[in-house]
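*Asks:*
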Amino acid sequence: MNFDFSDDQKLLRQAVRRYLEAHAPLSLCREALESGQGVSRALWEGAAELGWLGAAIPEAYGGGGFGRLALAVIAEELGRCLAPVPFSSSVCLATEALLLAGSGAQKERYLPGLAQGRCTGTFAFAETPGQSGLDSVRARVEDGRLTGRKRLVLDGGLADFAVVVALDSGRPVLVLADLSGPAVQRRPLASFDPSRPQAELRFLEAPVEGLGGGDSAAPLIERLLDGAAVLMAMEQLGGAARALEITRDFAVQRHAFGRPIGGFQAIKHRLADRWCDVELARSNAWYGAWALAQGSVDELREAACLARIAGCDAFTGMSEDMVEIHGGIGFTWEADCHLFYRRARLLSAALGNAAFWKRRLADRMARDAA
Amino acid sequence: MNFDFSDDQKLLRQAVRRYLEAHAPLSLCREALESGQGVSRALWEGAAELGWLGAAIPEAYGGGGFGRLALAVIAEELGRCLAPVPFSSSVCLATEALLLAGSGAQKERYLPGLAQGRCTGTFAFAETPGQSGLDSVRARVEDGRLTGRKRLVLDGGLADFAVVVALDSGRPVLVLADLSGPAVQRRPLASFDPSRPQAELRFLEAPVEGLGGGDSAAPLIERLLDGAAVLMAMEQLGGAARALEITRDFAVQRHAFGRPIGGFQAIKHRLADRWCDVELARSNAWYGAWALAQGSVDELREAACLARIAGCDAFTGMSEDMVEIHGGIGFTWEADCHLFYRRARLLSAALGNAAFWKRRLADRMARDAA
Amino acid sequence: MDFDDTRNQAAFRRSARSWLEAHAEPRAPGDPGPGNMPESVDAADVAAAKAWQQKKAGAGWACIGWPVEYGGRGATPIEEVIWAEEEARFRTPPDLMIDGHRTCAPTVMAHGSSEQKQRWLPAMLSGGEIWCQLYSEPSAGSDLAGLRTAAVRDGDTWVVNGQKVWTSHAQYSDWGLLLARHDPGVPKHAGLTCFVVDMHAPGVDVRPLRQITGGHGFNEVFLDNVRVPDDCRLGGVGEGWRVAITSLMNERSASLGDGGVDQVRDLLRFMKTVALENRPAIEDPALRERWADFHARARGVELTGKRTLTALSRGETPGPEMSLMKLVSGRLLQEVAHFAMDLTGASGGLAGDALTSSGVDWAAQYLGAAGLRIAGGTDEVLRNIIAERVLDLPREVRADKDIAFKDIPAG
Amino acid sequence: MDFDDTRNQAAFRRSARSWLEAHAEPRAPGDPGPGNMPESVDAADVAAAKAWQQKKAGAGWACIGWPVEYGGRGATPIEEVIWAEEEARFRTPPDLMIDGHRTCAPTVMAHGSSEQKQRWLPAMLSGGEIWCQLYSEPSAGSDLAGLRTAAVRDGDTWVVNGQKVWTSHAQYSDWGLLLARHDPGVPKHAGLTCFVVDMHAPGVDVRPLRQITGGHGFNEVFLDNVRVPDDCRLGGVGEGWRVAITSLMNERSASLGDGGVDQVRDLLRFMKTVALENRPAIEDPALRERWADFHARARGVELTGKRTLTALSRGETPGPEMSLMKLVSGRLLQEVAHFAMDLTGASGGLAGDALTSSGVDWAAQYLGAAGLRIAGGTDEVLRNIIAERVLDLPREVRADKDIAFKDIPAG
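Protein chains in written order, with my numbering: chain A, 81 to 450; chain B, 81 to 450; chain C, 819 to 1229; chain D, 819 to 1229.
1. Using a Cβ-Cβ cutoff of 8 Å, what residues of the region 335–354 of chain B are near chain A? List them in chain order.
2. Can you pull out the residues from the region 163–178 of chain B whose beta carbon lies closer than 9 Å to at least one beta carbon of chain D?
3. Below 6 Å CB to CB, which residues in the same chain sit around histidine 919(C) once its five sequence neighbours on both sides are set aside?
4. Compute the distance between the beta-carbons of leucine 427(A) and methionine 314(A), then report whether it is under 8 Å.
5. Does any residue of chain D bring its CB to less than 8 Å from the CB of tyrosine 99(B)?
6. Does any CB atom of chain C fall closer than 8 Å to the CB of methionine 81(B)?
7. Mapping the DSSP letters down to three states, classify isoleucine 1221(D) as helix, strand or coil.
8. What residues are listed by DSSP as bridge partners for glycine 201(B)?
9. Helix, strand or coil, according to DSSP, for cysteine 385(A) in the structure here?
10. Taking Cβ-Cβ distances shorter than 7 Å, what residues in chain C pair up with proline 844(D)?
11. At a Cβ threshold of 8 Å, is glutamate 359(B) touching chain C?
12. For isoleucine 1230(D) and chain B, any beta-carbon pair shorter than 8 Å?
13. Of all the CB atoms in chain C, is at least one closer than 8 Å to the CB of arginine 425(A)?
14. Please list the terminal residues of the continuous alpha helix (DSSP H) segment that includes leucine 259(A).
15. What separation, rounded to the nearest whole angstrom, lies between the Cα atoms of arginine 1213(C) and threonine 921(C)?
16. Grab the span of the beta strand (DSSP E) containing glycine 290(B) for me, first residue to last.
17. Who are the neighbours of arginine 439(B) on chain C, taking C-beta pairs under 9 Å?
18. Thinking just about the alpha-carbon of each residue, which of Ile1204(D), Lys1090(D), Leu1085(D) is nearest to the one in leucine 1150(D)?
19. Which residue wins for smallest C-alpha separation from leucine 431(A), given the options Thr202(A), Ala152(A), Leu360(A), Ala195(A)?
20. How would you list, in chain order, the residues of chain B whose beta-carbon sits under 7 Å from the beta-carbon of valine 1208(C)?
21. If contacts are defined as beta-carbon pairs under 8 Å, then glycine 1009(D) and phenylalanine 272(B) qualify, I think. What distance do you get, rounded to the angstrom?
22. Between the C-alpha atoms of glycine 1003(D) and glutamate 955(C), what's the straight-line distance to the nearest angstrom?
23. Per DSSP, tryptophan 976(D) forms a beta bridge with which residues?
24. Smallest Cα separation from proline 1005(D): which of Trp976(D), Ala902(D), Phe1223(D), Arg1201(D)?
25. Cα separation between alanine 1234(D) and tyrosine 1184(D)?
26. Give me, in chain order, the residues of the same chain whose beta-carbon lies closer than 6 Å to that of alanine 1072(C); leave out the 5 immediate sequence neighbours on both sides.
27. On a Cα-Cα basis, can you pick out the residue from Leu269(B), Ser376(B), Ala155(B), Leu284(B) that is closest to valine 117(B)?
28. Anything in chain D within Cβ reach of arginine 231(B), meaning under 7 Å, just list it in chain order.
29. Assuming contact is defined by CB atoms lying nearer than 8 Å, are alanine 928(C) and threonine 208(A) in contact in what I supplied?
30. Have a look at lysine 1219(C) and proline 1227(C) and give me their C-alpha separation to the nearest angstrom.
31. Please state the DSSP three-state secondary structure of serine 363(B).
32. Whose C-beta lies closer than 7 Å to the C-beta of leucine 178(A) among residues of the same chain, with five residues either side of it excluded?
33. Using a Cβ cut-off of 8 Å (strictly closer), state whether alanine 309(A) contacts chain D.
34. When the distance is taken between beta carbons, is valine 288(A) closer than 8 Å to glycine 193(A)?
35. Does DSSP put leucine 1074(C) in a helix, a strand or coil?
36. Is there at least one non-hydrogen atom of the ligand ZN closer than 7 Å to the beta-carbon of aspartate 820(D)?
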């Protein structure tokens, strides 16, 4: 029984945290949010240099080959500092898609650039508000050309390419689309968390290349989403834990009625409940990371749902309480609370919300138990 | 704007409460629960003498003709003292069914006896666990004879007759069945609240008579359930309010760490939340009572759902917190907490639970708004 | 039990409505109500608000609950509610004077000298002068009596230094009702005194405060050696807390909303347009149940309001129902907005128009709701009020009760 | 990161299992586990429990974590967990000695004289003598140190009077670990002393306590002029609180459950058999979501337990995770049982077999869960522990700290 990260992974965490404490204070997120840029170029380059982007990429393709547990550690730390970088889109989705399904040639072409941060990718799936399933996909590929509209693409405004879910002769496929050509129109969308920008992509017979999947890419897409869900749950865990720390510190420092407000049971007990949420999220996210790293698709099917559900609940609840416990100050733009409030909301929506993953979990467990 | 009971109704409430304080202490409920009798004959006779059972029955049929608001007041007061009497089954369901749909002859035959408590009726609907709708009814009437099994009948062990939902040539009908004949088998069921007994009824070609409804009794059954839901919500309100009072008093009297436990925010704030629940339940139940008394079927359709949802939530939450706040004492048989815990559970299940009424509310409002 | 006006109330309503029909346009669907403060107010808004107030004053429809001697008509509380209901049917400028009329004025009436009342009340009623309330401070929110803004006597004037926050209307106000500390050497409630500050005086600096919504509905007010003549003191020296309580009671009773019923209805409409698993969201059992739960709570709050109105119409003083309404609605509106955003699936991380085309900006509501749970009393303050004043549970153990303000631990 | 035994652990597990296979029958599905205390215990149960304990003691498998000198084998905490996991696979009598072994024994080891240890520990290990814990009182639950049972010195003995409650195992115990007040004139923690009471002594009266479930799993113990020799005092006079803390710490760490995963799995099976709107409940989106929420919480608790085991297997002391596990599971199990009853619609007001034929008595679970939220620390106590010990938030303001026990307000 060793349900914990290894010593190497703990050293990695320390290094990542030290770097981020120096280079990614919350003011970096605020700048990205206020500038409308939505991304810190400098941090992204730093992350690339330190090998974070290629942590799960084999050395043969220019990565570090440290595996998915390392990736999970990095995701949690980036979550802690609300890092304004396209990590989930480029690393957890696009890179993972290539690792899972790319041909040797595709890997050679894309992975080194992704590892070095020279190019970024993203993932395009949702088309209709509300719907998250494959049966809502209308985008279609004919003769190697993609036509359709992807409503919501994380970092879609700046990515170089996108892994797109589409239909080919009615069958779901994954294709890889260069976003720089004239047959792709990008429209930035107003993001609830402008430090994580989103865009709509329109493909007008854009040339694409296929990305694995054989007869039907459905299992591949499921697997890709499950893995990304685990990594995003680590990010949510980091955000929730940090929000709890900040709120706890505030509650100890802020006085009312001659006492630190953290001494009132109303606050004490609420923070205790939120701590429980965070620890449940931690246990579930770690389990997801273990299943992902194991490459155990069966266990990942359950673990991804668990991680995601607990992550959404913990971060949403903590971010709401963070504002409320900070009181009037928490409602000001100058305080950092809203950075967490916004990020929590964004991460809870991206990749399907908690309700979506709850249904998925019940489906899977009911089927498995049958 | 006069959203309150009238002075007459308030006087009635005072009288009812005074009588119940003298004749229905919580020990009466406990006796009914422990004896396995499940009903206090003496209290029932007292209620009959005071005219409570016939409050909504016109004077022509031996009632008091005070209307449904009076009935609502009585239901709330009976709820407060967890009265072990078949009020909801006989008065709020069987009597109401006769008032709504009985022929003149049927009213003459049954209502005076019901008003005087000489006979009691009940209502038999559910057949399959889980299902609550008309489409789960299998009991059928052929040539005036009823065959089928009614899984769960409140006070079914002692009632003289039952109003039964059945199918006649595939159409839902309401029929009136004498329960004393040999063609009816009764089996007592273990009730979660033995002070409110329940039984299974088997009809083996039992002779029955029709009870209004014309072509389809479906709207009639809906209306009957809506009305009964409002009155049961009043009962739930009474129970929840009383549980809150008892718990509040306990929290003021019980000391820990040199202070009344009601001085700790954990308890203060929980009781404040429960008070909010009770007041929301009160407002919604009153509104239901108003709609019922108005005879306004349209408004009752929404109001019954509101009353029932708020009633279930308030009483369930309050009864759970009542046990928990009482601590170890609350978990003993000798304390009264479990009487409330049991009654809350029973009332939340009878007539369909909160989820059932939530779906009903959404259905109705979505249709109305369409 | 009925929801109808009494004969007198109906007559009053007819008379109000007929005046309004003659002097205002009916409100179109989508027009903001009078309580809906715009995110920014310009000079034209101020002029329009003043003009409308003046028109009402001229016809005897301004501040109708005030005594006749100050320009009111001594109307009953229920008549005030009826007037507000009727006025809300018409297109009127945002009510920039609400804090003055509802909280400052009752305080002046209760604690002002007769000169002060004559000086300030008629001008406030007619819309000639706008008031704001200088109470909250960055370090004194829930614990208002812990405020630090200092008023030091200097002959016949007081010199005020400090910082106030969350001040609505300050940027166009003429007067501010100020609570300040004249003596940090006595226990905290005893060291407070109330003043009326000329907002145009030197040293008063109003700066807009940016909220997490991005809007600027509130201000910070910096007071730097502001001189306040002693005849602008309201109530005795050291009586500030008693004076302020009058405002606070009136502030709470001013926020009688509808509990969120409108938002929940908007949600129902929205659920018909969004699809989930290839059918309208409203047909999904999970979402139906959630909606019904919202609706039952919102209607419960709304109907609790009707019970309050009933009490008002009998001349009774409404009790702590206000705390219930705000406590329940605040959380409800946050849940509703979050739920609505979630309905859009992966799009639930978008803002504004990008999120939906339903005409409701759920993202803005989700941000705003975070503030509803704070402004006018946090959830915790409201629960304490209910627990202590309704349920009569023991008061808080007070660590700062009998010691000089300056000795109270302050972190 | 892995969930496997280390090589040493695997070897230990094999050795444990092979002894168990030789001496016990495998547990059949439906057999109660060793922690499942029957609602009533008879003489045969006591004899069986003693016999099984004796058998284990003979082979060195009893109380394996104890030092060798008292009959243990000085096993590590993780080995104790492995042993418990393995033993749970076999059909064994209910463990009536759990309070003695897990909480009384460590207390005797930490605070007893060497005579006391030799007198009591081997007999406890071999199953010869059963122990119970006489701590809680009707007026001292969460506030244990507020207990009133009095111990008055009379030469070389103490005379004990008072009432204890919620005492498991008392009816067949030989010894009771008693916390009593020897001096009401000093602050409450200072006036306590710990004793070991002969449960067969005159004046000890054990009466079964009826719970709301109808069962009698606990007792009240009345102490009427019970004479306890001074050599049965554990620790110094006035050191009772320090002694008791040892028990309490061990009591909390004893309740490492699986967080409700089994019940949630039962629920899934149940949802396949019950129909709603003419399809199995598990196909209804609302019910699926609720189930998944339960499952995620239960698995979260279970996996948090694995983190604790990891700490144990490294020789670290588990922290306040125990509080999390009980806090989350207690509420979860109550919700799950309520939900399961609700699944049956109008039948959800039935009890026992009448409710379902699923083999799970949800009604009994709903009653029992109310107690889970109380026993071993109420929700409030657990939240305080987490807030103060994990989050290092300020301790409670204590009204009863520096005053004599007899002067503390007690309602």
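Each residue gets a CB set at the ideal place from its N, CA and C atoms; glycine is no exception.
*Replies:* Reading from the atomic positions:
1. Phe344, Gln345, Ala346, His349
2. none
3. Cys881
4. no
5. no
6. yes
7. coil
8. Phe241(B)
9. helix
10. Near proline 844(D) there are no residues of chain C at all, since even the closest Cβ is about 42 Å away, more than 7 Å.
11. yes
12. Outside the displayed range of chain D (819 to 1229) lies residue 1230(D), so it cannot be described from this structure.
13. yes
14. Careful: leucine 259(A) lies outside any alpha helix (DSSP H) and carries neither H nor E.
15. 26 Å
16. 278–290
17. Pro1103, Arg1106, Glu1107, Ala1110
18. Leu1085(D)
19. Thr202(A)
20. Trp355
21. That belief does not hold up - the Cβ atoms of glycine 1009(D) and phenylalanine 272(B) are roughly 45 Å apart, past 8 Å.
22. 47 Å
23. Arg971(D), Val1046(D)
24. Phe1223(D)
25. With chain D represented from 819 up to 1229, any question about residue 1234(D) goes unanswered, as that position is not in the structure.
26. Confidence in alanine 1072(C) is poor, its pLDDT being 44 and thus under 50, which makes the residue's placement unreliable; the coordinate value appears in the next sentence. The answer, listed in chain order, is Arg920.
27. A quick correction: the sequence has glutamine, not valine, at residue 117(B). Residue Leu269(B) is the option with its Cα nearest to glutamine 117(B).
28. Ser1165
29. no
30. 12 Å
31. helix
32. Gln186, Lys187, Tyr190, Leu191
33. no
34. no
35. Confidence at leucine 1074(C) is low in this model, with a pLDDT of 49, below 50, so its placement is unreliable and no value can be given for it.
36. Within the structure as shown, the ligand ZN is missing, as the structure has no ligands at all.
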